[in-house]
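Engineer: In this text, residue positions in the sequence shown follow the working numbering: the first is 17, and each later residue adds one.
Built from N, CA and C at the ideal position, the CB exists for glycine as well.
The model shown is predicted, which means the values in this text are computed figures rather than measured ones.
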Amino acid sequence: MTYCSDDLLNSNFYIIVVPTPIDSKNKPDLSCLFSATETIARKLKKGI
């Protein structure tokens, strides 16, 4: 587990565990998931 995006550089796979609270209409707030995905995407190497 890490909070430092530089730790992602040598990883071969990623498990994303973030909160997904729901609103009053039972819709999940996926903003944490999207943010984590964007952080990982910036560290991925092209062609792999």
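#1: Can you tell me whether DSSP reads I56 as helix, strand or coil?
#2: Could you check how far apart the C-beta atoms of L49 and V34 are, in whole angstroms? I think they sit under 8 angstroms.
#3: Which residues does DSSP list as the beta-bridge partners of P44?
#4: Ordered along the chain, which non-local residues of its own chain (more than five positions away) have a Cβ less than 8 angstroms from that of R58?
Structural biologist: Checking against the coordinates, here is how it stands:
#1: Locating residue 56 in the sequence shown gives position 40, counting from the first residue. In this structure, I56 counts as helix in the three-state DSSP scheme.
#2: Residue mapping note: residue 49 aligns to position 33 of the sequence shown, counting from 1. Residue mapping note: residue 34 aligns to position 18 of the sequence shown, counting from 1. The Cβ separation is near 5 angstroms, so the contact holds.
#3: Working through the sequence shown from its first residue, we reach residue 44 at position 28. Residue pairing by DSSP puts P44 in a beta bridge opposite I38.
#4: Start at 1 with the first residue of the sequence shown, and residue 58 comes out as number 42. S21, listed in sequence order.
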